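Asker:
Numbering (this note's numbering), first residue to last: -19 to 385.
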């Protein structure tokens, strides 16, 4: 149960329909922290949920729990009733070692604002060592339904965290999968906005990417899956909550999910599994240890990220790419890392970095830091040192560790 970038999904299965193979399917898909179906106290059987938790522990993973009585809007049934239900859940299930945390609600608006503040505070008081995830939807929806021009997202999230103890906020944006490819700017604007709010408040930020064809959004390809996990992580996100894994018989605006309405794994399942497993093996543990400093666009900059220009970093003189991003990180020991990403969703591009004299060595990082491959070594070279061109597929990310001179 390592410290990782968390990947999970919106689980709409009925708890009664859960089958033991599902947990193994989710692991096969590269999901690190599965979300279980919604459990109803007094209706579903406690021993069935305990059995799932025991199974998860034996497989070496933790899960996120959902209880209808813990959803934040239920705070309005009465604070004492809500607290009693939360304590029952915590005492019966929450202290199991396979529990990572709880999902408790999405898309707050002005009518539910009190429930988010007070309900979240109760959960954190009842189970302070656990993690609690809420989702805001898109920034457009948040500004329209919650902030209404009277607050900004940075102030709201900080107030939410300071009052309630919230530790994770999520958001969802699907415009990157517009059929005409016009929505990348909006998607990256959402990433930038929520990551900035999360950093100022001191909470982790999880993105909801799209794993099904939904309404007018296209079915994702392997390139789309790669982009949807690498770009948000390179911009500072700490988790991804895929929407959605399962199709249903009656669900008119969902199709081409990783698992179809008959429980059969589709080609999208194996594409997503390939992308997620590669990410987990190479970088999932590494990025959990890194703190995001800043991101810059190259060639084409989406979402309002500043262009990388000379002087933006003391490590890079300049960089060449038609559509890329440079993101700067530090680990807990103060070491510098640079994540480079191709932000185009369709075309492969080359990227070349020109390292400043402050860089003694640059190394590609793989296997979460266990393998380093030379990118640039200064030796007797004077002036900027140039990396070999990196050919980056759509959404392709490479991570470089810097040793300062």
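Where a beta carbon is used, it is the ideal one built from N, C-alpha and C, also for glycine. None of these values were measured; they are calculated from a predicted model.
Tell me the DSSP secondary structure of residue 139 in three-state form.
Answerer: helix
Asker: Starting from the C-beta of residue 128, find all residues in its chain whose C-beta is less than 8 Å away, skip the five residues before and the five after it, and write them out in chain order.
Answerer: 90
Asker: Assess contact between the stretch 328 to 335 and the stretch 309 to 316, defined as three or more Cβ pairs (one per stretch) separated by less than 8 Å. Is contact present?
Answerer: Touching, no, given that fewer than three Cβ pairs across the two stretches are closer than 8 Å.
Asker: Within 10 angstroms of its Cβ, does residue -6 collect 16 or more other Cβ (buried), or is it exposed?
Answerer: exposed
Asker: With respect to 6 Å, is the separation between the Cβ of residue 189 and the closest non-hydrogen atom of the ligand ATP below this value?
Answerer: Within the structure as shown, the ligand ATP is missing, as the structure has no ligands at all.
Asker: For residue 118, collect the residues of the same chain with a Cβ closer than 7 Å to its Cβ; drop the 5 residues on either side in sequence, then sort them by chain order.
Answerer: If we look at residue 118 and ignore the five residues flanking it on each side, its Cβ neighbours are 151, 152, 153 and 170.
Asker: How far does the beta strand (DSSP E) with residue 228 in it extend, from its first residue to its last?
Answerer: Per DSSP, residue 228 belongs to no beta strand (DSSP E) and is neither H nor E.
Asker: Would you grab the beta carbon distance between residue 15 and residue 44 for me? Rounded to a whole angstrom, and I think it's under 8 Å.
Answerer: 4 Å
Asker: Along the chain, where does the beta strand (DSSP E) containing residue 57 start, and where does it finish?
Answerer: Run containing residue 57: none; DSSP gives neither H nor E here.
Asker: Check residue 12 in the structure and name its three-state DSSP category.
Answerer: coil
Asker: Residue 83 and residue 46 - do their beta-carbons sit closer together than 7 Å?
Answerer: yes
Asker: What three-state label does DSSP hand residue 269 in the structure shown?
Answerer: coil
Asker: Closer than 8 Å is the cut-off here; do at least three beta carbon pairs connect the stretch 194 to 204 with the stretch 222 to 241?
Answerer: Segments in contact, yes.
Asker: So, using beta-carbon positions, are residue -15 and residue 268 closer together than 7 Å?
Answerer: Yes. Within cutoff.
Asker: Determine the direct distance from the alpha carbon of residue -9 to that of residue 220, and round the result to whole angstroms.
Answerer: Cα to Cα, the separation comes out at about 13 Å.
Asker: Quick one, are the C-beta atoms of residue 33 and residue 78 less than 7 Å apart?
Answerer: yes
Asker: Counting only runs that start and end within the stretch 172 to 242, where is the alpha helix (DSSP H) found for 4 or more residues in a row?
Answerer: 202 to 214
Asker: Can you name, in chain order, every residue of its own chain whose Cβ lies under 6 Å from the Cβ of residue 419, other than the five neighbours on each side?
Answerer: Here the chain covers residues -19 to 385 and nothing more, so residue 419 does not appear.
Asker: For residue 278, tell me which candidate among 257, 324 and 317 has the shortest Cα-Cα distance.
Answerer: 324
Asker: Check residue 101 in the structure and name its three-state DSSP category.
Answerer: helix
Asker: What is the DSSP secondary structure of residue 322, counted as helix, strand or coil?
Answerer: strand
Asker: So, are the CB atoms of residue 138 and residue 101 less than 7 Å apart?
Answerer: Their beta carbons are not under 7 Å apart, which means residue 138 does not touch residue 101 by this criterion.
Asker: Residue 432: which of 366, 347 and 136 sits nearest, CA to CA?
Answerer: Here the chain comprises residues numbered -19 to 385, so residue 432 is not present and cannot be evaluated.
Asker: For residue 345, tell me which candidate among 317, 337, 321 and 368 has the shortest Cα-Cα distance.
Answerer: Checked all of 317, 337, 321 and 368; the closest Cα to residue 345 is 317.
Asker: Find the nearest neighbour of residue 320 within the set 162, 284 and 373, judged by alpha-carbon distance.
Answerer: 373
Asker: Sort 92, 10 and 304 by Cα distance to residue 126 and report the nearest one.
Answerer: 92
Asker: Could you tell me the boundaries of the alpha helix (DSSP H) in which residue 252 lies?
Answerer: 247 to 259
Asker: State the Cα-Cα distance for the pair residue -4 and residue 130, rounded to the nearest angstrom.
Answerer: 43 Å
Asker: Touch check for the stretch 244 to 251 and the stretch 281 to 297: three-plus C-beta pairs under 8 Å?
Answerer: Between the stretch 244 to 251 and the stretch 281 to 297 there are fewer than three inter-stretch CB-CB distances shorter than 8 Å, so the stretches are not counted as touching.
Asker: Among 9, 207, -2 and 342, which one has its Cα closest to the Cα of residue 28?
Answerer: The shortest Cα separation from residue 28 among 9, 207, -2 and 342 belongs to -2.
Asker: Is it true that the CB of residue 187 sits closer than 7 Å to the CB of residue 178?
Answerer: no
Asker: Over what stretch of residues does the alpha helix (DSSP H) that includes residue 30 continue unbroken?
Answerer: 26 to 38
Asker: Output the boundary residues of the alpha helix (DSSP H) element that contains residue 388.
Answerer: The structure shown does not extend to residue 388, since the chain is modelled only from -19 to 385, so the question has no answer here.
Asker: Among 116, 380 and 336, whose alpha-carbon lies nearest the alpha-carbon of residue 140?
Answerer: 116
Asker: From residue 107 to residue 51, what does the alpha carbon distance come to, in whole angstroms?
Answerer: 15 Å
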